[in-house]
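Colleague: Quick one: structure below, then a few questions.
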Amino acid sequence: MAVDSSNADESEHERLPETVVEDLLDDPRRRAMLRLLGTHDGSIRMTQLAARVIADERSIPIDAVSLEERRRVCDTLYECHLPKLTATTVLRYNSRQASVELDEKATQLLDRL
704 MAVDSSNADE SEHERLPETV VEDLLDDPRR RAMLRLLGTH DGSIRMTQLA ARVIADERSI
764 PIDAVSLEER RRVCDTLYEC HLPKLTATTV LRYNSRQASV ELDEKATQLL DRL
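Below you can see the structure in the form of structure tokens.
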């Protein structure tokens, strides 16, 4: 029976390159998204994540975040941050529920927060 010696190298190949990790962690809002998702079990709706990001940024209660602010930040998350985080399999997006959750490469970034 042959032993596949590529398994030892496989996990290294599956890791994100350091430059990609640095780029993903360079933005404070992406770091906030990851931090919040890292403390949340399972998926979270994008509107709720946006509200939590704003509350975290401003150190205010989540119920103090207006609907307009939630929409504005949610749009930014969709347009700027979600594409990078899903393309690198850090986050998984569910379009039916408009929700996100951590994906297979998230731990590589969470370890650096």
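Quick note: the sequence shown uses our numbering, first residue 704, plus one each step. Glycine included, every Cβ here is placed at the ideal spot set by N, Cα and C.
(1) So what's R732 in DSSP terms, helix, strand or just coil?
(2) Compute the distance between the beta-carbons of I765 and A753, then report whether it is under 8 Å.
(3) Buried or exposed: where does I757 fall if 16 or more other Cβ atoms within 10 Å of its Cβ makes it buried?
(4) Pick helix, strand or coil for R748, following the three-state DSSP scheme.
(5) Would you tell me roughly how many angstroms separate the C-alpha atoms of R795 and E804, rounded to the nearest one?
(6) Check this for me: beta carbons of R734 and H784, under 8 Å apart or not?
(7) In the DSSP assignment, find the beta strand (DSSP E) that holds V803 and state where it starts and stops.
(8) Can E807 and T792 be called in contact, C-beta distance under 8 Å?
(9) Buried or exposed, going by whether 16 or more other CB atoms sit within 10 Å of the CB of N710?
Modeller: Considering the structure as presented:
(1) Taking the first residue of the sequence shown as position 1, residue 732 is located at position 29. In the structure shown, the three-state DSSP call for R732 is helix.
(2) Here residue 765 refers to the residue found at position 62 of the sequence shown. Here residue 753 refers to the residue found at position 50 of the sequence shown. Taking 8 Å as the cut-off, the beta carbon of I765 is found no closer than this to the beta carbon of A753.
(3) Counted from its first residue, the sequence shown places residue 757 at position 54. Buried, since its Cβ has 16 or more Cβ neighbours within 10 Å.
(4) Here the question's residue 748 lines up with position 45 in the sequence shown. Strand, per DSSP.
(5) Taking the sequence shown and counting its residues from 1, one reaches residue 795 at position 92. Taking the sequence shown and counting its residues from 1, one reaches residue 804 at position 101. About 5 Å.
(6) In the sequence shown, the residue the question calls residue 734 occupies position 31. In the sequence shown, the residue the question calls residue 784 occupies position 81. The criterion of a C-beta distance shorter than 8 Å is not satisfied by R734 and H784.
(7) By 1-based counting over the sequence shown, the position of residue 803 is 100. Residue range S802 to L805 is occupied by the beta strand (DSSP E) that includes V803.
(8) Looking up residue 807 in the sequence shown gives position 104. Looking up residue 792 in the sequence shown gives position 89. Closer than 8 Å, so yes.
(9) If you number the sequence shown from 1, residue 710 lands on position 7. Only weak support exists for where N710 lies, its pLDDT of 42 falling under 50; the value from the coordinates is given anyway. It counts as exposed.
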